[in-house]
Amino acid sequence: MSELKLMKGNEALAEAAIRCGTDAYFGYPITPQSEVIEYLMTERPEKRTGMVVLQAESEIAAINMVYGAAGTGKKVLTSSSSPGISLKLEGISYMAGAELPAVIVNVVRGGPGLGTIQPSQADYFQSVKGGGHGDYKLYVLAPASVQEMADFVEDAFDIAFKYRAPVLILSDGLIGQMMEKVYLKPQQERLTNEKLIEKHGDWATTGKPKTRERNIITSLDLQSEKMEARVRNLMKKYERMEKEDLRYEKINCDDAEYLIVAYGSSARISQKAVELGRAKGIKVGLLRPITLFPFPKDQILELTNQVKGILSVELNAGQMVEDVRLSAQFKVPVEHFGRTGGIIHTPEEILEALEQKIIK
Amino acid sequence: MDILDIIKPENQVFCKTKLMTDTPLSYCPGCGHGTAHNLTMEVIDEMGVSEETIGVAPVGCSVLAYDFMNIDITQAAHGRAPAVATAIARCWPEKYVFTYQGDGDLAAIGTAETIHACNRGENIVIIFVNNGIYGMTGGQMAPTTLEGMKSSTSPYGREIETMGSPLKMTELIANLPGVYYVTRQAVHTHKSVRKAKKAIRKAFENTRLKKGLSFVEIVSNCNSGWKMTPIESNIWMEENMFPYFPLGDIKVDGKLK
Chain X
10 MSELKLMKGN
20 EALAEAAIRC
30 GTDAYFGYPI
40 TPQSEVIEYL
50 MTERPEKRTG
60 MVVLQAESEI
70 AAINMVYGAA
80 GTGKKVLTSS
90 SSPGISLKLE
100 GISYMAGAEL
110 PAVIVNVVRG
120 GPGLGTIQPS
130 QADYFQSVKG
140 GGHGDYKLYV
150 LAPASVQEMA
160 DFVEDAFDIA
170 FKYRAPVLIL
180 SDGLIGQMME
190 KVYLKPQQER
200 LTNEKLIEKH
210 GDWATTGKPK
220 TRERNIITSL
230 DLQSEKMEAR
240 VRNLMKKYER
250 MEKEDLRYEK
260 INCDDAEYLI
270 VAYGSSARIS
280 QKAVELGRAK
290 GIKVGLLRPI
300 TLFPFPKDQI
310 LELTNQVKGI
320 LSVELNAGQM
330 VEDVRLSAQF
340 KVPVEHFGRT
350 GGIIHTPEEI
360 LEALEQKIIK
Chain Y
1383 MDILDIIKPE
1393 NQVFCKTKLM
1403 TDTPLSYCPG
1413 CGHGTAHNLT
1423 MEVIDEMGVS
1433 EETIGVAPVG
1443 CSVLAYDFMN
1453 IDITQAAHGR
1463 APAVATAIAR
1473 CWPEKYVFTY
1483 QGDGDLAAIG
1493 TAETIHACNR
1503 GENIVIIFVN
1513 NGIYGMTGGQ
1523 MAPTTLEGMK
1533 SSTSPYGREI
1543 ETMGSPLKMT
1553 ELIANLPGVY
1563 YVTRQAVHTH
1573 KSVRKAKKAI
1583 RKAFENTRLK
1593 KGLSFVEIVS
1603 NCNSGWKMTP
1613 IESNIWMEEN
1623 MFPYFPLGDI
1633 KVDGKLK
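These protein sequence lines are chains X and Y, in that order.
Here this note's numbering is used: the first residue of the first sequence is 10, the next is one more, and so on.
Here this note's numbering is used: the first residue of the second sequence is 1383, the next is one more, and so on.
As structure tokens, this is what we get:
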């Protein structure tokens, strides 16, 4: 039986993490996501499920703790906000290279630099174009509600373990801070160490029994041919993610003449803009990428046969619009609309932008 | 008598620990790393806990420690081994978790992780090999490089005024309440090897007893980086490194000496 609660996005994510059997959380406070670690510390998950929660000395230490625990096959979570994620990128690159499953949450605030503590989607490039050094990608989930903040934790772990790869939940200060009703799933058992070894003993560093070779977690390979093979292997994983685990949502797209592409909080607000447009007789639809990598590029291309123009709505100066343009292959005009600095666009502003930039 | 009559299991008095692989060591001839590796593995072997041991390798000369140590090992990002070990020890409290780090890794880029893992009193062992230089990258100045000592980034010798004093991390962390055992050893003579092994054994026994953090510094040579023969480097180490980094126990059973 699921349980109905009124919660902040950050709290819902933390509670869902406990309930889906997360083994450990390592984090460092930063606005607007500190509720995650505050909630976890208050809930005493070490008593509820045996989950380890530790406040690290920095985001750098926290992500490397994630690296260590993930290397032993544990289900590990960390969360931060934009400047903190920048610090974590070295560790995230190491995890991609060493093929470790883990879930990282970014409750995005405005940048660059210390920027602002208000909501933003300006970390799109950082999230989907690699971010850290080297040839790697993250599977990126973009929640648009408190419910999805909760649901995506388990989904993210499923993907992380399916591919042995780090997964990013790209939220923002709006989704993290707002309160909504949320249905929480019942408590799941954490894996016992015995079951963990049974499942992940072929790669995880759990202590070498006489029955197997030693397990090594590393991203290093000094032999060029071997390193190239490693990179190829990663690329195969990403291709498979594109084939098997793309997620998106289409709203009012069937008869749409104009299209808005938006994710996360912008998708939520754009949904209202679509309603306002429809009330005015404008046939506008919304494509919401739920995963930002993989990106619904084929779906956007297909819609270019039907729509006259596309507006990419983002809380940034224009980032996802590049991917929308690439997907649309210049078959129809693609424009960007977005506010920055922590200012959140209204549905009216979005509709006005659609009328001015696309419908004209 | 034929030699094969003598080479029998019952006549064997010594053999290499099975916890060292047969992979040739990548260290320069004369370097102390091989001995430090061997002692660590011998201790784990003799305690019979290899199946319960998880090592954390650093970035530096010993980045490939996992090629030589026949146990489960995670290779950490530069300086982050104490954070990596923290998480492993927290998630697997019954295991023996250790880091093996050099001075650039532990005392420069990883200073924060080292101090905080020590301060939390994580139940881990830190083996800290201090040779006063960045060996792997080709002999640059380390936080532990002595005053006046030449390196590729202090070509006229380390100048205290502009480059700071050599950092005594071991004395620094000994003052933290979470740290249970701190010692400084060497591995360049038979006598020092025996002492260092005892110290490493004590450190892992502390993990068994869940006493908190044990920190074993091994002052070692870097004959390549110091541009000396192995023998010259050991003499130089005794004459220059030991006065600044004196050998012996600094904290035992949670009490400063």
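Just so you know, even glycine gets a beta-carbon here, dropped at the ideal spot from N, CA and C.
- Identification of chain X residues near residue 1452(Y) by a Cβ-Cβ cut-off of 8 Å yields 217, 223, ordered along the chain.
- Here DSSP, grouped into helix, strand and coil, assigns residue 1565(Y) to strand.
- By the criterion of a C-beta distance shorter than 6 Å, residue 49(X) is surrounded in its chain by 23, 34, 62, once the five residues flanking it on both sides are discounted.
- Contact of residue 50(X) with chain Y is not assigned, every C-beta pair being separated by 7 Å or more.
- In this structure, residue 214(X) sits near residue 226(X), with a CB-CB distance shorter than 7 Å.
- Using a Cβ-Cβ cut-off of 7 Å, residue 1468(Y) counts as an interface residue toward chain X, since at least one Cβ of chain X sits closer than that to its own.
- Per DSSP, the continuous alpha helix (DSSP H) segment holding residue 46(X) begins and ends at 43-52.
- Chain-ordered, the chain X residues with CB closer than 7 Å to the CB of residue 1477(Y) read 216.
- Using a C-beta cut-off of 8 Å, the stretch 311-326 of chain X makes no contact with the stretch 1393-1403 of chain Y, since fewer than three inter-stretch Cβ pairs fall below that distance.
- In this structure, residue 1604(Y) keeps its C-beta atom at 7 Å or more from the C-beta atom of residue 78(X).
- Residue contact check for residue 1434(Y) against chain X: a CB pair falls below 7 Å.
- Distance from residue 128(X) to residue 118(X) at the Cβ level is roughly 7 Å; contact confirmed, criterion being Cβ atoms closer than 8 Å.
- With contacts defined by Cβ atoms closer than 7 Å, residue 18(X) and residue 182(X) do not form a contacting pair.
- Leaving aside the five residues that flank residue 366(X) on each side, the residues in its chain whose CB is nearer than 7 Å to its CB run, in chain order, 320, 344, 346.
- Three or more beta-carbon pairs separated by less than 8 Å are not found between the stretch 187-196 of chain X and the stretch 283-297 of chain X, which leaves the two stretches without contact.
- Listed in chain order, the positions of the stretch 82-107 of chain X with a beta carbon within less than 7 Å of a beta carbon of chain Y are 83, 99, 100, 103.
- Here DSSP, grouped into helix, strand and coil, assigns residue 346(X) to strand.
- Out of 1414(Y), 1544(Y), 1599(Y), the CA that lies nearest to the CA of residue 1496(Y) is found in 1599(Y).
- Within chain X, no residue has its CB atom less than 7 Å from the CB of residue 1626(Y), the nearest being about 28 Å off.
- Identification of residues in the stretch 222-254 of chain X having a C-beta nearer than 7 Å to some C-beta of chain Y yields 223, 224, 225, 226, 227, 229, given in sequence order.
- DSSP places residue 1544(Y) outside any beta strand (DSSP E); the residue lies instead in the alpha helix (DSSP H), whose first and last residues are 1542-1545.
- Secondary structure of residue 68(X) (DSSP, three-state): helix.
- Annotated three-state conformation of residue 13(X) is strand, per DSSP.
- A distance of 7 Å or more separates the beta carbons of residue 216(X) and residue 1542(Y).
- Distances from the CA of residue 159(X) to each of 21(X), 354(X), 326(X) were compared; the closest alpha carbon is that of 21(X).
- For the stretch 138-194 of chain X, the full-length beta strand (DSSP E) segments reaching 3 residues or more read 148-150, 175-181, 188-193 along the chain.
- With its beta carbon at least 7 Å from every one in chain X, residue 1410(Y) lies outside the interface.
- If you draw a straight line from the Cα of residue 357(X) to the Cα of residue 51(X), it comes to about 40 Å.
- Against residue 1462(Y), the close residues of chain X are 69, 70, 73, 76, 100, in the order they occur along the chain (beta-carbon pairs closer than 8 Å).
- In terms of Cβ geometry, residue 1468(Y) and residue 74(X) form a close pair [threshold 7 Å].
- Taking each of 349(X), 144(X), 40(X) in turn and checking the Cα distance to residue 328(X), the smallest one comes out for 349(X).
- Note on residue 1615(Y): 16 or more other CB atoms within 10 angstroms of its CB, so buried under the neighbour-count rule.
- Judged by beta-carbon spacing, residue 103(X) lies within the 7 Å limit of residue 1459(Y), meaning their Cβ atoms are closer than that value.
- By the beta-carbon neighbour count (other beta carbons within 10 angstroms, threshold 16), residue 1422(Y) is buried.
- With contact defined as three or more Cβ pairs closer than 8 Å, the stretch 1514-1531 of chain Y and the stretch 1579-1597 of chain Y are not in contact.
- Under DSSP, residue 1484(Y) takes part in a beta bridge, and its partners are 1511(Y).
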